[in-house]
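In my numbering, the protein residues as written are 3 to 265.
Working notes for the structure below.
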Ligand SMILES: Cc1cc2nc3c(=O)[nH]c(=O)nc-3n(C[C@H](O)[C@H](O)[C@H](O)COP(=O)(O)O)c2cc1C
Ligand code: SF4
Ligand code: SF4
């Protein structure tokens with residue numbers, strides 16, 4: 003059965019998940035959303051999968067834009083895996099609604115909790131509050147893997163997983179403003195003297211939000227807030243104002259810089 007898995011990943015969790023699922027299916031192509039979003043996107047195939055991180059209790063901007071853009075149909079078996087840090091809220095319901103508007107459906111969708119590789123502390127009142135009301139945290143992909151594969155392989159239905167109702171309600175309420183605010187969060191990136199003008203940050207940014215001007219990266223206020231530039235800079239020359247003093251560059255252990263070079 004021809005399958006396409008579209009993924010967005012900044013620090014490797016979603017790429018790992020997408021590849022692991024693809025390894026278990028036949029005739030499957032794994033496609034980076036940032037790489038194809040500005041092209042004529044081919045969504046043919048009997049099975050379509052989406053793998054993405056959860057950002058601000060919902061879909062990342064780039065995933066939402068991608069879903070709006072693509073064509074799908076009701077005969078396709080559509081599945082999704084959202085990877086998160088523990089407060090997924092109603093993200094998969096957001097996706098299901100978007101797909102239904104396009105005449106398709108989300109047949110099976112799963113949440114998994116993975117290590118978070120952001121340099122910012124999660125120890126802030128709103129995040130703590132959302133974590134407290136979200137309910138039981140999702141299990142890791144490693145723990146869910148056999149069940150997820152079984153369901154997808156057999157084209158079974160699986161209800162969109164979600165947090166507790168109050169968390170979903172508040173998450174949905176907060177998501178729109180929060181995700182919009184991410185666009186200008188790049189005002190807080192700082193580049194230090196270690197920068198050797200290699201242009202890697204420009205080449206990996208999923209939103210083409212970095213331009214090298216006079217030999218230095220300049221952020222363009224269309225940020226996904228994914229921290230890919232900071233985490234993958236070969237010289238560790240990018241910092242974020244207000245990040246934890248002991249924050250170090252980090253990513254999924256199997257992720258490699260070459261997987262994130264987009265152009
Ligand atoms: C800007 C940003 C916002 C995030 N918001 C949430 C969130 O609302 N809930 C949550 O559980 N995890 C959140 N996370 C954690 C990511 O969803 C999680 O680390 C994900 O697995 C990253 O996937 P990747 O490694 O493929 O990029 C956020 C991470 C970032 C960078
Ligand atoms: S990736 Fe790092 S070293 Fe290379 S241009 Fe960007 S900031 Fe400078
Ligand atoms: S500028 Fe950095 S944080 Fe913003 S979208 Fe690009 S890679 Fe991600």
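In this text, a Cβ means the ideal position worked out from N, Cα and C, and glycines have one as well.
The model shown is predicted, which means the values in this text are computed figures rather than measured ones.
Report task. Figure out for me which residue from 133, 103, 113 has the closest Cα to the Cα of residue 316. Result -> The shown model of the chain, from 3 to 265, leaves out residue 316, and the question about it has no answer.
Query raised in the report: Do you know offhand how far residue 32's Cα is from residue 125's?
Result: 35 Å
Query raised in the report: Got a sec: does ligand 2 put a non-hydrogen atom nearer than 7 Å to the Cβ of residue 202?
Result: yes
Query raised in the report: Which ranges does the alpha helix (DSSP H) cover as unbroken runs of at least 4 residues, wholly within the region 22-65, from first to last along the chain?
Result: 35-38
Query raised in the report: What residue does the beta strand (DSSP E) around residue 229 start on, and which one ends it?
Result: Neither: residue 229 is in no beta strand (DSSP E) and is coded neither H nor E.
Report task. Determine the direct distance from the alpha carbon of residue 239 to that of residue 162, and round the result to whole angstroms. Result -> 40 Å
Report task. Between the Cα of residue 187 and those of 228, 213, 217, spot the shortest distance and give me the residue it belongs to. Result -> 228
Requested in this report: Take the Cβ of residue 69 as the centre, count every other Cβ of all protein chains shown within 10 Å, and call the residue buried at 16 or more, exposed below.
Outcome: buried
Query - Residue range of the beta strand (DSSP E) that includes residue 111 - result: 110-115
**Report entry** Beta carbon of residue 1 nearer than 8 Å to that of residue 160
**Finding:** The structure shown does not extend to residue 1, since the chain is modelled only from 3 through 265, so no value can be given for it.
Query - residue 257 vs residue 13 beta-carbon contact at 8 Å - result: yes
Report task. Kindly examine ligand 2 and report whether one of its heavy atoms sits closer than 7 Å to the Cβ of residue 19. Result -> no
Query raised in the report: Using 8 Å as the threshold, is the region 169-180 in touch with the region 85-103, meaning 3 or more CB pairs across them?
Result: yes
**Report entry** Beta carbon of residue 23 nearer than 8 Å to that of residue 151
**Finding:** yes
Requested in this report: Could you check the C-alpha separation between residue 138 and residue 147 for me, to the nearest Å?
Outcome: 18 Å
Query raised in the report: Can you list the alpha helix (DSSP H) stretches of 4 or more residues lying completely in the region 154-217, in chain order?
Result: 167-183, 202-206
Requested in this report: Starting from the Cα of residue 131, find the closest Cα among 233, 199, 170 and give me that residue.
Outcome: 170
Query - Alpha carbon of residue 242 to alpha carbon of residue 265, nearest angstrom - result: 24 Å
Report task. Give the DSSP-derived three-state secondary structure of residue 91 in the structure shown. Result -> coil
Query raised in the report: So residue 82 packs on residue 52, CB below 8 Å; how close in whole Å?
Result: 4 Å
Report task. Pick helix, strand or coil for residue 19, following the three-state DSSP scheme. Result -> helix
Query - Cβ separation of residue 232 and residue 121, assumed to be a contact under 8 Å, to the nearest whole Å - result: 6 Å
Requested in this report: Along the alpha helix (DSSP H) that carries residue 136, what are the first and last residues, could you check?
Outcome: 127-136
Query raised in the report: Over what stretch of residues does the beta strand (DSSP E) that includes residue 14 continue unbroken?
Result: Careful: residue 14 lies outside any beta strand (DSSP E) and carries neither H nor E.
Query - Reduced DSSP secondary structure (H/G/I, E/B, other) of residue 7 - result: strand
Report task. Have a look at 236, 107, 47, 220 and flag the residue whose alpha-carbon is nearest the alpha-carbon of residue 191. Result -> 220
Query raised in the report: Considering only residues of the same chain and omitting the five flanking positions on each side of residue 211, which have a CB-CB separation below 7 Å?
Result: 188, 221, 222, 224, 225
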